[in-house]
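*Asks:*
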Amino acid sequence: MNVFRLAGDMTHLSSILVLLLKIHTIKSCAGISLKTQELYALVFITRYLDIFDRFTSIYNFLMKLIFLGSSLSIVWYMRRHKAVHRSYDKDQDTFRYQFIVLPCLLLALVINHKLTFKEVMWTFSLYLEAVAILPQLVLLQRTRNIDNLTGQYVFLLGAYRALYLLNWVYRYFTEPGFVRWITWIAGLVQTLLYADFFYYYILSWKNNVKLELPA
Amino acid sequence: STKEHSHDEL
Numbered sequence: 011m012n013v014f015r016l017a018g019d020m021t022h023l024s025s026i027l028v029l030l031l032k033i034h035t036i037k038s039c040a041g042i043s044l045k046t047q048e049l050y051a052l053v054f055i056t057r058y059l060d061i062f063d064r065f066t067s068i069y070n071f072l073m074k075l076i077f078l079g080s081s082l083s084i085v086w087y088m089r090r091h092k093a094v095h096r097s098y099d100k101d102q103d104t105f106r107y108q109f110i111v112l113p114c115l116l117l118a119l120v121i122n123h124k125l126t127f128k129e130v131m132w133t134f135s136l137y138l139e140a141v142a143i144l145p146q147l148v149l150l151q152r153t154r155n156i157d158n159l160t161g162q163y164v165f166l167l168g169a170y171r172a173l174y175l176l177n178w179v180y181r182y183f184t185e186p187g188f189v190r191w192i193t194w195i196a197g198l199v200q201t202l203l204y205a206d207f208f209y210y211y212i213l214s215w216k217n218n219v220k221l222e223l224p225a
Numbered sequence: 002s003t004k005e006h007s008h009d010e011l
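Top line first, the protein sequences correspond to chains H and R. Residue numbers for the first sequence follow this note's numbering, so the first one is 11 and each next one is one higher. Residue numbers for the second sequence follow this note's numbering, so the first one is 2 and each next one is one higher.
1) Sorted by chain position, which residues of the same chain lie with C-beta nearer than 6 Å to H:Leu-16's C-beta, five sequence neighbours on each side aside?
2) H:Glu-48 by DSSP, collapsed to three states: which one?
3) Using a 10 Å radius around the Cβ and a threshold of 16 neighbouring Cβ atoms, would you call H:Lys-220 buried or exposed?
4) Under three-state DSSP, which class holds H:Ser-43?
5) Assuming H:Leu-49 and H:Leu-138 form a contact by the criterion Cβ under 8 Å, report the distance between their Cβ atoms to the nearest whole angstrom.
6) Return helix, strand or coil for H:Thr-126, following the three-state DSSP convention.
7) Rounded to a whole number of angstroms, what is the C-alpha to C-alpha distance between H:Lys-216 and H:Tyr-209?
8) Going by CA-CA distance only, name the one from H:Asn-122, H:Pro-186, H:Phe-165, H:Val-189 that's closest to H:Leu-202.
9) From H:Glu-185, H:Ile-121, H:Tyr-107, pick the residue whose C-alpha is nearest to that of H:Gln-47; which is it?
10) Closer than 7 Å between beta carbons: that is the criterion. Which residues of the region 125-153 of chain H meet it against chain R?
11) List, in chain order, every chain R residue whose beta-carbon is nearer than 9 Å to that of H:Lys-74.
12) Alpha carbon to alpha carbon, how far is H:Leu-30 from H:Phe-77?
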């Protein structure tokens, strides 16, 4: 564990807490893409299949439970909770995510470390996580006024993976033989997808104006 | 093939 990875995990956790805070307190998910939330739940389920048979540390175990629990409860809130579901804009959240899921699955079958079910699922979860934000970014472009919590949520989500990139650089130089091409490339693609959001987010923060993404 | 990867990261 290094400071970049811990900061990354804490940033990731806080992004989820910001979203849960928004949904639970103001009972609204306006501007949030249910498609992206469902993709994240799938990412965690396929990533943590080994939660019970490969024990790394208490920290690892607890964080996996938190990520699984929070992502599933967010999907539940947006689908089942009357008030929250009413605030969900399904006419705008129209990204057909089969165009994301299937290619990631095929790619995971072709490019992986080992052709076993768990390893392919783990690789699939990496590819899926890299592009899972797309429905949310598309929805942000369609959402006229993006509220602060939604902007903070997406920003923290992008920042966590950027911190993981620093973690991989650190581990590459401190741990001989630490090479994770699949993880690195997926993580780089994921972070690059946030590039223009970061640009407009920081601009809106600097000029103290409402965040707006050009359509 | 590469050695068994320990998925030690989240």
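Every residue gets a Cβ at the ideal spot worked out from N, C-alpha and C, and that includes glycine.
*Replies:* By the coordinates alone:
1) Here residue 16 of chain H corresponds to residue number 6 of the first sequence, with the count starting at 1. Take H:Leu-16, set aside five residues on each side of it, and no residue of its chain has a beta-carbon closer than 6 Å to its own.
2) Taking the first residue of the first sequence as 1, we reach residue 48 of chain H at position 38. In the structure shown, the three-state DSSP call for H:Glu-48 is helix.
3) As a working mapping, residue 220 of chain H is identified with position 210 in the first sequence. Exposed.
4) In the first sequence, the residue the question calls residue 43 of chain H occupies position 33. It is coil, neither helix nor strand.
5) Taking the first sequence and counting its residues from 1, the one referred to as residue 49 of chain H is at position 39. Taking the first sequence and counting its residues from 1, the one referred to as residue 138 of chain H is at position 128. The beta-carbon separation of H:Leu-49 and H:Leu-138, rounded to 6 Å, stays under the 8 Å limit for a contact.
6) Numbered from 1 along the first sequence, position 116 holds the residue referred to as residue 126 of chain H. Here H:Thr-126 sits in coil by DSSP.
7) Within the first sequence, residue 216 of chain H is the residue found at index 206, counting from 1. Within the first sequence, residue 209 of chain H is the residue found at index 199, counting from 1. Going from the Cα of H:Lys-216 to the Cα of H:Tyr-209 covers about 11 Å.
8) Here residue 202 of chain H refers to the residue found at position 192 of the first sequence. The shortest Cα separation from H:Leu-202 among H:Asn-122, H:Pro-186, H:Phe-165, H:Val-189 belongs to H:Phe-165.
9) By 1-based counting over the first sequence, the position of residue 47 of chain H is 37. It is H:Tyr-107.
10) Cβ contacts with chain R come from Trp-132.
11) Translated into the one-based positions of the first sequence, residue 74 of chain H becomes position 64. Near H:Lys-74 (Cβ distances below 9 Å), the residues of chain R are Leu-11.
12) Taking the first residue of the first sequence as 1, we reach residue 30 of chain H at position 20. Taking the first residue of the first sequence as 1, we reach residue 77 of chain H at position 67. Rounded to whole angstroms, H:Leu-30 to H:Phe-77 spans 12 Å at the Cα level.
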